[in-house]
Amino acid sequence: MSTPFRHVLLGTLDVPGHEREFIILDRAELRLIRVIAQRSGELTNFGYVVLEHEHAPDEADPARPDLRIAAEVSPTEQVAKRRHLVSWLERLSASERLAPLGHPGPSVPYARFDGTRPSLAVVALRDPTLGRGRNDEAVLEFSWGSLRQLMPVTKELEARLGGGPTITHRKGWQHAFGRVPRFALAAYTPPDHGYCRKLIVTLV
């Protein structure tokens, strides 16, 4: 049965000193948006949500051109089917001809952003592993073009993976995640000390 709802919650981004952002897939326009809301109900990843009074921010952020503001993000009782998620994310997958999120490196100076590149990207994963990086962060590593890329995961995602165990093979992923993930959702953080970091928000 089809659903009347157009927005699917993919994950959240909580950065100290900044407002919580909800990362949402708009299936009607097949795009990713990040939403700051005045209020939110009890939400579940991959659940359909309703955005009340959604609009563009008063001042555009060149590092986050896909940012939206909403009075409220409300849950529904419906959850997106995995096969639908996979289909949408396949169509949104970034090209390996460019670095993930467009710029190389783990972080990018805020001054380099001009509002022309999205701050969210779907990454089709090849040979993903999970390990520990600097400051003991959980880090996702995957093949991208001819290189291996490393990106820290959010604390929320680390907790969902059982505290970020080292995962180097299929059995490890099946134990921690139930399957080997096919896609990762990458996002730039809001600026901190003049830089925006790359983080992995969710896995599918």
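Numbering (my numbering), first residue to last: 7 to 210.
Virtual Cβ for every residue (Gly too), placed ideally from N, Cα, C.
These numbers come from a predicted model, not from an experiment.
Item to check | Proximity winner among Asn51, Ala43 and Asp32, relative to Ala76 (alpha-carbon distances) | outcome: The residue labelled residue 76 in the question sits at position 70 within the sequence shown. Nearest to Ala76 by alpha-carbon distance, out of Asn51, Ala43 and Asp32, is Ala43.
Next on the checklist: Suppose you measure from the CA of Lys87 to the CA of Phe119; what does that come to, to the nearest Å?
Outcome noted: For the purposes of this step, residue 87 is taken as the residue at position 81 of the sequence shown. For the purposes of this step, residue 119 is taken as the residue at position 113 of the sequence shown. Cα to Cα, the separation comes out at about 35 Å.
Next on the checklist: Here's the rule I'm using: 16 or more other beta-carbon atoms within 10 Å means buried, otherwise exposed. How should Lys177 be labelled?
Outcome noted: Residue 177 sits at position 171 when you count from the first residue of the sequence shown. Of the residues assessed, Lys177 falls on the exposed side of the cut-off, its CB having fewer than 16 other CB atoms within 10 angstroms.
Next on the checklist: Mapping the DSSP letters down to three states, classify Val87 as helix, strand or coil.
Outcome noted: For the purposes of this step, residue 87 is identified with residue 81 of the sequence shown, where counting begins at 1. According to the sequence provided, residue 87 is Lys. The question's Val does not apply to it. Lys87: coil per DSSP, three-state reduction.
Next on the checklist: Going by C-alpha to C-alpha distance, which of Tyr54, Leu167 and Pro22 sits closest to Ala182?
Outcome noted: On the sequence shown, residue 182 is found 176 positions in, with the first residue counted as 1. Closest by alpha carbon: Leu167.
Checklist entry - Taking the alpha-carbon positions, what's the Leu126 to Arg33 distance? => result Along the sequence shown, read from residue 1 onward, the residue named residue 126 stands at position 120. Along the sequence shown, read from residue 1 onward, the residue named residue 33 stands at position 27. Each residue's Cα considered, the two are about 15 Å apart.
Checklist entry - Where does Gly121 fall in DSSP's three states? => result By one-based count along the sequence shown, residue 121 stands at place 115. Reduced to three states, the DSSP call for Gly121 is coil.
Checklist entry - Taking Cβ positions, are Gln155 and Pro106 nearer each other than 7 Å? => result Taking the sequence shown and counting its residues from 1, one reaches residue 155 at position 149. Taking the sequence shown and counting its residues from 1, one reaches residue 106 at position 100. Cβ atoms of Gln155 and Pro106: closer than 7 Å.
Item to check | Same chain only: Cβ atoms within 8 Å of Glu25, ignoring 5 sequence neighbours per side | outcome: Against the sequence shown, residue 25 aligns to sequence position 19. Ile42.
Checklist entry - Thinking C-alpha only, which one of Asp72, Leu49 and Pro22 is nearest Ile39? => result Translated into positions along the sequence shown, residue 39 becomes position 33. Across the set Asp72, Leu49 and Pro22, the C-alpha of Asp72 shows the shortest separation from the C-alpha of Ile39.
Next on the checklist: Taking 6 Å as the cut-off, is the beta-carbon of Val79 closer than that to any non-hydrogen atom of the ligand COA?
Outcome noted: This structure lacks the ligand COA; in fact it carries no ligand of any kind.
Next on the checklist: Classify Lys204: buried if its beta carbon has 16 or more other beta carbons within 10 angstroms, exposed otherwise.
Outcome noted: Within the sequence shown, the letter at position 198 stands for residue 204. Per the 10 Å Cβ criterion, buried.
Item to check | Start-to-end residues for the beta strand (DSSP E) that takes in Ala26 | outcome: Numbered from 1 along the sequence shown, position 20 holds the residue referred to as residue 26. Going by the sequence as given, residue 26 is Arg instead of Ala. Counting along the chain, Arg26 sits inside no beta strand (DSSP E), nor does DSSP assign it H or E at all.
Item to check | Through-space distance from Ser80 to His59, alpha-carbon basis | outcome: Within the sequence shown, numbered from 1, the residue matching residue 59 stands at position 53. Within the sequence shown, numbered from 1, the residue matching residue 80 stands at position 74. Their Cα atoms are separated by approximately 11 Å.
Checklist entry - Does DSSP classify Leu49 as helix, strand or coil? => result What you label residue 49 is simply residue 43 of the sequence shown in a count that begins at 1. Here Leu49 sits in coil by DSSP.
Checklist entry - Out of Arg12, Gln84 and Leu57, which has the shortest C-alpha to C-alpha gap to Glu35? => result Numbered from its first residue, the sequence shown carries residue 35 at position 29. Residue Arg12 is the option with its Cα nearest to Glu35.
Checklist entry - Which residue comes first and which comes last in the alpha helix (DSSP H) that contains Glu35? => result Along the sequence shown, one-based indexing puts residue 35 at 29. Segment: none, Glu35 is in no alpha helix (DSSP H) and carries neither H nor E.
Next on the checklist: Could you compute how far the alpha carbon of Pro68 sits from the alpha carbon of Asn141?
Outcome noted: For this step, residue 68 is matched to residue 62 along the sequence shown. For this step, residue 141 is matched to residue 135 along the sequence shown. Each residue's alpha carbon lies about 29 Å from the other.
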